[in-house]
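Chains as they are written, first to last, in our numbering: chain A, 3 to 254; chain B, 3 to 254; chain C, 3 to 254; chain D, 3 to 254; chain E, 3 to 254; chain F, 3 to 254.
Yeah, the Cβ is synthetic: ideal placement off N, Cα and C, and Gly gets one too.
Predicted model only: the values in this text are computed from it and were never measured.
Number of protein chains: 6
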Amino acid sequence: MSATRTSLAIECGSAAREKLRKVGTANVANALLKRGFRNVYLLGLSPISTGQERMVGPAYTLRFMPAREDIDTMANYGRDDNLHRRAVEECPSGHVLVIDTGGCLKSAAAGDLMTLRMRQRQVAGVVTDGGFRDTPAIRETGLPAYQRQSAPPATPIAMHPVELNGPVGCAGVAIYPGDVLVGDAEGVVAIPRHLVEEIAEEALDAAEYEQFAEQHIARGRSIFGLFPATPESRKEYDGWVAAGRPPLEMYR
Amino acid sequence: MSATRTSLAIECGSAAREKLRKVGTANVANALLKRGFRNVYLLGLSPISTGQERMVGPAYTLRFMPAREDIDTMANYGRDDNLHRRAVEECPSGHVLVIDTGGCLKSAAAGDLMTLRMRQRQVAGVVTDGGFRDTPAIRETGLPAYQRQSAPPATPIAMHPVELNGPVGCAGVAIYPGDVLVGDAEGVVAIPRHLVEEIAEEALDAAEYEQFAEQHIARGRSIFGLFPATPESRKEYDGWVAAGRPPLEMYR
Amino acid sequence: MSATRTSLAIECGSAAREKLRKVGTANVANALLKRGFRNVYLLGLSPISTGQERMVGPAYTLRFMPAREDIDTMANYGRDDNLHRRAVEECPSGHVLVIDTGGCLKSAAAGDLMTLRMRQRQVAGVVTDGGFRDTPAIRETGLPAYQRQSAPPATPIAMHPVELNGPVGCAGVAIYPGDVLVGDAEGVVAIPRHLVEEIAEEALDAAEYEQFAEQHIARGRSIFGLFPATPESRKEYDGWVAAGRPPLEMYR
Amino acid sequence: MSATRTSLAIECGSAAREKLRKVGTANVANALLKRGFRNVYLLGLSPISTGQERMVGPAYTLRFMPAREDIDTMANYGRDDNLHRRAVEECPSGHVLVIDTGGCLKSAAAGDLMTLRMRQRQVAGVVTDGGFRDTPAIRETGLPAYQRQSAPPATPIAMHPVELNGPVGCAGVAIYPGDVLVGDAEGVVAIPRHLVEEIAEEALDAAEYEQFAEQHIARGRSIFGLFPATPESRKEYDGWVAAGRPPLEMYR
Amino acid sequence: MSATRTSLAIECGSAAREKLRKVGTANVANALLKRGFRNVYLLGLSPISTGQERMVGPAYTLRFMPAREDIDTMANYGRDDNLHRRAVEECPSGHVLVIDTGGCLKSAAAGDLMTLRMRQRQVAGVVTDGGFRDTPAIRETGLPAYQRQSAPPATPIAMHPVELNGPVGCAGVAIYPGDVLVGDAEGVVAIPRHLVEEIAEEALDAAEYEQFAEQHIARGRSIFGLFPATPESRKEYDGWVAAGRPPLEMYR
Amino acid sequence: MSATRTSLAIECGSAAREKLRKVGTANVANALLKRGFRNVYLLGLSPISTGQERMVGPAYTLRFMPAREDIDTMANYGRDDNLHRRAVEECPSGHVLVIDTGGCLKSAAAGDLMTLRMRQRQVAGVVTDGGFRDTPAIRETGLPAYQRQSAPPATPIAMHPVELNGPVGCAGVAIYPGDVLVGDAEGVVAIPRHLVEEIAEEALDAAEYEQFAEQHIARGRSIFGLFPATPESRKEYDGWVAAGRPPLEMYR
């Protein structure tokens, strides 16, 4: 396992992380679309707080299946080998815990104490296609967290933890362990692990071009010939970058 | 009816109310689960303002059925014997008006003037599995209010008020008059009236233990052996309580 | 086309606009109900920012149909005759761009640069029954914007722009070009263009009466005999208006 | 109660029943639309057997609310005062049992033995916006039955019977006791009780005209000037009826 | 327009039609997937009769938008320039009428007399993402018909016909006039018009290979090395075809 | 693995199978409810043919997750180590293949050739919470098959096979390998493997009692005192059984 973690660390190194923190999730999705990936955005999820920090990190997964009354009791939930609780203690620091509930909104994928523990362990965030309990207190922990809708009833009422760190689906998107999850104030996107470096590079470039375009548009320029970029506008952008990105008034 | 109200007052006395104001809705749901109640949380509803005060109070109910064009006119709505308007004037102070719309999102379960009137009459809150109109103005009244989604069209377009204070369903949960509704910044849970005292007691105990656990977790302790509570951690907690709940640094 | 725009300008002149800015969307819906219009509220949409300014303006429409892989490429999206991009440049100032996606939540109806351009062009707002991308940045542009749920993937993944300024459906409501859209912190309502003046007048009257009623209710008066208005309460209101709308304490 | 039943018998007398057996549910809905009723068809329900006989009869209603674990046990279900079982024994012969489940598809609104008992008691049919259990055996009883989707789990798992023969909603349509339900191989429509005679008359007339139109269309005539009826085509129809409805070949 | 029809006739000539009548809709979808088309199957629609004949023909479209009370009356419905009724009279013989309702299930996309007229006019079928009325009688006309769910209320209650034979969406699939619709006992698939000949050829080849594979599987052969076809199994198939498709017992 | 299969054979031996073939799925669900299992019925699934034979057998499972474009190609689908195709060849005879699609209705869980192969291999049936392709041809194979809704597009468009014979969820019900699935003309229910013998026994007893009750009801007896069984009616039943189950006319 440590071998895996090492390679993950390489694949989502500090340079890529730094770039991904500066881009929007929509930029990431666009860069993936150019490579043929049409289904990478976890649609329907939203951050529990619009003010939460940006989230970047490789996926560590937890899969739930439906509960059964003779197996999923509160006693079982309290055991130290319960996979739900183990996930909270074992998700590596810097990683994002991705919880596949099969879209279940009847009971909780996590609560405030689990979330606080993960924050303390330097987990990078938590994402589920189900819902959390204690969301007001989760907000206070500061851990970036994404869900479909709050689901406060106790987990064993509807869900059974069945696997740690295997391939899962979350909100209809394939997530393999080590894929990098990026979250902003809008939502979450997943990057296949072998593409992280190039997607980070390309998304950052696109985001920077968009900042250039934004300044022009804010000054009255049409989007035609500017957004999406044309060869001409791209050349204009390159010249502006070469000039040290001066204020547009001074440059033009 | 006054007999009933008296007994309600007893069953949700000031002590229980005070306790329930200090606990989260998830704590309440957990205490009910221990007694075999798995379906007490009004899933899918949310507060119209995250800043609204906590809501605790016995249920007074209003049931809607689908409207019919020859019965449900604006003229009918304006009559003083219209059950919708009577509910606003008759819901006892300290109670929560629970509006069963059958999940209808096509017209309004209440608006700002009705809400203001209830606030003025010291109603404790309003909960519906449909939606309100004038939600921006409802926020200003300060009345705790929970809905599924705003539904501004005039009530008679889709709904007919058919019964006051009978047993109803709301968001798939059984609500009998006098059951106690508890609402926080996450959602709403219902407590069967005969269990209010013991649930309040137990939920408060759980909430206080969780505050103890939270402090430990914030200082780096694992959730294993701490949350959920074990006999050992419980003993540790009791000792800490006996010591006057000192700052953890001083206690350990 | 210019003829049409002129008449639009007449039909939603500054007087009507001014009145509509002062009323709630629920007031508008009520006034339309009196004339037999039961389906005018765009249910299920919400503002992307509760702090955004009020929106009033005639509809300019864009219709999407499902995408097809050989037609809807990023290259096609970048063309200057792409109807999606043309809509952003051609929607007249003071108008509201209404985007009919057929309820598609798989890709974006617009993003931040398009929105910024519309803001800069003095478009009055943008409304879709699908979703936007870059919603955090759209909030910063200040353009009033309404959607069902964020939908950040690139537009051509799921949608093809097929028509400008024809009659469309949006959130199940018929929208003809020139109908006036009104948006507040709760949602959006559509007024058939030939009724704008009278609806504005009537909605404002209702809103002002409600402010009168609100003050009474805040002082403890029952809704009976006050809300909805009765002939007596209406006479009372008229007297108060004639007296210059004094503080109620002084008037009574 | 017997008074009520008598009047029901009058309002849905043998003549009206006979007419309604000959018309389609869509004919009934059209006749109601002419009187301003737009929401009378129980959309989304279907017959459990396309071969079942036509259903006509006044509504006798049963309302369910959500179950609660301490109340809704199998023991409670077996009691003779259980409203669910009483409904089966008390629904008057010739009436239709309308079961309002609030759209609940988690447990059964009725099963084969209940249905057989109702068939034996000459109940005219059973309609629910939830689902049945034992649908294969229900088909064999021959009782006309309409549901949304099979829901075989035991009733007390999710539903509690709370009222007999009050006003209810079913599939979003208002049903008052005594309203007449008409069902064919497509679905179910409800007629307000005071309109049964005139609706039966008008729907039969429309159905007979449609048979006339059908014969013309089958021989190649356009729907223009024929369907919907025009004053001219209506005169033509009247002449044909006066002629004894001869085969079209002989008539023309 | 006649030019267009001619070219349609060419593009869906008798040879292609004949082939498409012999293949399943799933075969067609597979052949399109090989060319990069992933969204061609009209998911969620089903034939109103499992016994209806196969449907093949170019699309002629009708688009609905939401109704408005002042426009969509029964009187308007009866006019000869009503696009809904014109569609029934103008859809060319051999074509399939594709009705885009925007997924509306509140009122009817067509009824039995319209359907009978189309059958009489040799229209090849009718497909909608909404629903029909009079489905039992539509079955008797023999016209292949596909819908989501019956929707018997009168059309003008919820829908307004707005365009004939433009590009539309139906069940989330792009349909351009002239695209060829193929329907079997399972559902409906759309072929872009410029690909009809090659898709027909390839789907037929795949269907014939599957018949070969089916005979082997029925005799106990594994799907490995047989289905999907391998180069070896394909060679084996070609030999068998060359041998005149003899019974497998005689061939092996 | 062979050890496991042996024990499965024991747990669902010929005696239990024989009994389960004679009972309805609703009988099985009732017997499980008595032991506290409330969530065992696979709601929303239906047989593809009402005439298909009864299904009884232990579960062998296949789990799908969402597809990704670079992994899930038709080439990958054709490989002999593809888990989807392996499931068809490896599901033991007498077992039921349970396919967990996560509720995905965008592509096929199986088609006719796979189904025919399973039928030939004496697999007992196939159940999915997604949908099949080629359902008309699947009907002809005679294999009992249950689905939510047809989903003909090629599997790799939306789904990736990720695990064989692990614990899964199907239609919201927990299915562990070896649990016994029972299917009738209404739907499918799952029995935890350690309870199969006793549930079979009890369900058969209940079904036989219901046949007794049915005969009485058919002759005009009330359900009170008969259904559900009372101690008295049970004694009556036992006497009738002891008498050799004579025709009721002769017995009474």
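Checking the DSSP bridge columns, you'll see E/Met116 has no partner listed. For a cut-off of 8 Å, the C-beta gap from A/Ala205 to A/Val25 is around 4 Å, short enough to register as a contact.
Spatial neighbours of E/Ile225 in its own chain (CB-CB distance under 7 Å, excluding positions within 5 residues in sequence) are listed in chain order as Ile219. The straight-line gap separating the alpha-carbon atoms of B/Phe214 and A/Ala156 is approximately 20 Å.
Straight across, the Cα-Cα distance linking D/Pro68 with B/Val170 is about 8 Å. Residue state for C/Leu183 is assigned as strand, using DSSP reduced to three classes. Of all residues in the stretch 41-55 of chain B, those with a C-beta nearer than 9 Å to a C-beta of chain A are Asn41, Val42, Tyr43, Leu45, Gly46, Ser48 and Thr52, reading in chain order. Short of 6 Å from the beta carbon of E/Thr52, and not among the five residues preceding or following it, lie these beta carbons of its own chain, in chain order: Ala187. Contact of E/Pro230 with chain F is assigned, a C-beta pair being separated by under 8 Å.
Close partners of F/Glu204 in chain A (Cβ separation under 7 Å) are lacking, with about 17 Å as the shortest Cβ gap. By the criterion of at least three beta-carbon pairs nearer than 8 Å, the stretch 172-179 of chain E is in contact with the stretch 63-83 of chain C.
Close CB contacts of C/Thr75 within its chain, under the 7 Å cut and outside five residues either way in sequence, are with Pro158 (chain order).
Approximately 4 Å separates the beta-carbon atoms of F/Pro163 and F/His86; this is inside 8 Å, confirming the contact.
Annotated three-state conformation of E/Leu35 is helix, per DSSP. Burial state of A/Gly241 is exposed, judged by a 10 Å Cβ sphere holding fewer than 16 other Cβ atoms.
Closer than 7 Å at the C-beta level to chain C, one finds these residues of the stretch 21-42 of chain A: Gly26, Thr27, Ala28, Ala31, Asn32, Leu35 and Arg40.
Taking a C-beta distance under 8 Å as the contact criterion, F/Gly127 and F/Gly46 do not qualify as a contact pair. Short of 6 Å from the beta carbon of B/Asp114, and not among the five residues preceding or following it, lie these beta carbons of its own chain, in chain order: Asp136, Ala139 and Ile140.
For F/Tyr148, the three-state secondary structure derived from DSSP is strand.
For D/Gly80, the enclosing alpha helix (DSSP H) covers residues Met76 to Gly80.
No Cβ of chain C is located within less than 8 Å of the beta carbon of B/Ser95. Between the C-alpha atoms of D/Cys106 and C/Glu200 there is a straight-line separation of about 44 Å.
Annotation for F/Asn29: Ala205, Ala208 and Ala209 place their beta carbon closer than 6 Å to its own, counting only its chain and skipping 5 residues before and after. When secondary structure is reduced to three states using DSSP, F/Arg19 falls in the helix class. Among the residues of chain C, those whose CB is under 8 Å from the CB of A/Ile219 are Leu115, Leu118, Arg119 and Gln122, following chain order. Under the DSSP assignment, D/Phe66 falls in the beta strand (DSSP E) whose first and last residues are Met57 to Pro68. The beta-carbon of F/Leu85 is placed no less than 8 Å from the nearest beta-carbon of chain E. Judged by beta-carbon spacing, A/Asn167 lies within the 8 Å limit of A/Pro179, meaning their Cβ atoms are closer than that value.
In the displayed model, B/Asp131 falls within coil according to three-state DSSP, outside both helix and strand. C/Arg223 and B/Ala160 have their C-alpha atoms spaced approximately 28 Å apart. Listed in chain order, the non-local C-beta contacts of B/Gly189 below 8 Å within the same chain comprise Thr27, Tyr43, Leu44, Leu45, Leu47, Ser48, Pro49 and Tyr148, local neighbours out to five positions each way being set aside. The C-beta of E/Ala176 comes no closer than 8 Å to any C-beta of chain F. In the structure shown, the three-state DSSP call for B/Asp72 is coil.
At a Cβ-Cβ threshold of 8 Å, C/Val90 and C/Met120 count as neighbours.
The distance from the Cβ of C/Leu118 to that of A/Glu216 is about 6 Å, consistent with a contact at the 8 Å cut-off.
Listed along chain F, the residues sitting closer than 8 Å to E/Phe226 by beta-carbon distance are Asp82, Arg87 and Glu91.
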